[in-house]
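Visitor: Let me begin by handing over the structure; questions about it come next.
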Amino acid sequence: MRSGRTSANGIARARYRFLATTELRHYRFRAVVPRQAGYPYLTGRSASRKVTVRPR
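The sequence shown begins at 443 in this note's numbering and counts up one residue at a time.
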């Protein structure tokens, strides 16, 4: 996942398709926004979220 979208009220969303999951698995994700030249902000990280994926 390289990028996602943010709504007007600041809620971020992104999609990812798990193609190689063959059994019930738990993954942890977090968003990371790197520092960019020209902006006065440091790298930011979200809280981690657990996602359960079931195979198809």
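All C-beta atoms in this analysis are idealised placements derived from N, C-alpha and C, irrespective of residue type, glycine included.
It should be emphasised that the depicted structure is a prediction, and the values quoted were computed from it without experimental measurement.
Where does residue 494 fall in DSSP's three states?
Guide: Correct three-state label for residue 494: strand.
Visitor: Is the Cβ-Cβ distance between residue 472 and residue 488 less than 9 Å?
Guide: Taking 9 Å as the Cβ cut-off, residue 472 and residue 488 qualify as a contacting pair.
Visitor: In three-state terms, what does DSSP make of residue 487?
Guide: Strand at residue 487.
Visitor: Between which two residues does the beta strand (DSSP E) containing residue 471 stretch?
Guide: Taken as a continuous stretch (DSSP letters only), the beta strand (DSSP E) holding residue 471 covers 467 to 471.
Visitor: So, helix, strand or coil for residue 454, using DSSP?
Guide: Strand at residue 454.
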